[in-house]
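Colleague: Input: one structure, supplied below.
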Amino acid sequence: MLRVKRDSFGGPAGNAVPSLGEIGGRVFVLEAVATTALTRLLRHCAADGQTEHIEALRRAIERKCREANLPEAQIAAASEYAQELFKDAMERAGKTPVIGQ
828 MLRVKRDSFG
838 GPAGNAVPSL
848 GEIGGRVFVL
858 EAVATTALTR
868 LLRHCAADGQ
878 TEHIEALRRA
888 IERKCREANL
898 PEAQIAAASE
908 YAQELFKDAM
918 ERAGKTPVIG
928 Q
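First residue of the sequence shown? That's 828 in this note's numbering, and the numbers climb one at a time after it.
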């Protein structure tokens with residue numbers, strides 16, 4: 828597994844390419860952290876604050892995708908995935924979704 832500070836640890840440097848299981852595990856952890864953080868944020872926001880946060884996140888995701896030169900289809904897929912994540916976080920926060928498609 829790749830490590831950020833591989834030189835400061837003893838033992839082998841790790842594999843040059845992570846396995847699909849490692850990638851899937853990382854994505855799972857990132858999704859859990861994102862959902863938990865967004866849920867906590869939304870619990871403390873009024874409806875208009877929720878809309879501001881969600882829209883700012885949506886714009887940031889689209890901007891980062893464009894900076895990475897992703898094709899439009901992948902940008903659309905990333906936006907759709909983010910929308911599902913936002914909806915899940917809103918439900919967990921006990922809020923009614925105010926985000927539009």
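Note that CB positions come from ideal geometry on N, CA and C, so glycine has one too.
Just to check my reading of the structure: Leu912 and Ala861 have Cβ atoms closer than 8 Å, yes? What is that Cβ distance to the nearest angstrom?
Modeller: So it is a contact: roughly 6 Å between Cβ atoms.
Colleague: Helix, strand or coil for Ala873, going by three-state DSSP, please let me know.
Modeller: In the structure shown, Ala873 sits in coil (DSSP, three-state: anything other than H, G, I, E or B).
Colleague: Rounded to whole angstroms, what's the CA-CA distance from Ile926 to Ile888? Just pull it up for me.
Modeller: For Ile926, the pLDDT reaches just 49, beneath the cut-off of 50, and the residue's location in the model is therefore unreliable, although a value from the coordinates is still provided. If I take the Cα positions, the gap works out to 15 Å.
Colleague: Should Ala909 and Leu869 be called a contact, given that it needs their Cβ atoms to be closer than 9 Å?
Modeller: Their beta carbons are not under 9 Å apart, which means Ala909 does not touch Leu869 by this criterion.
Colleague: DSSP three-state call for Lys922: helix, strand or coil?
Modeller: Of the three classes helix, strand and coil, the one that applies to Lys922 here is coil, per DSSP.
Colleague: Decide if Ile850 is buried, meaning its Cβ has at least 16 other Cβ atoms within 10 Å, or exposed.
Modeller: Under this definition Ile850 is an exposed residue.
Colleague: For Val854 and Thr863, I'd like the C-alpha separation in whole angstroms.
Modeller: Computed Cα separation, rounded: 14 Å.
Colleague: At the level of alpha carbons, what is the spacing between Val856 and Ala895?
Modeller: Rounded to the nearest angstrom, the two C-alpha atoms are 22 Å apart.
Colleague: Can you grab the Cα-Cα spacing for the pair Cys892 / Cys872, in whole Å?
Modeller: So the alpha carbons of these two residues sit roughly 27 Å apart.
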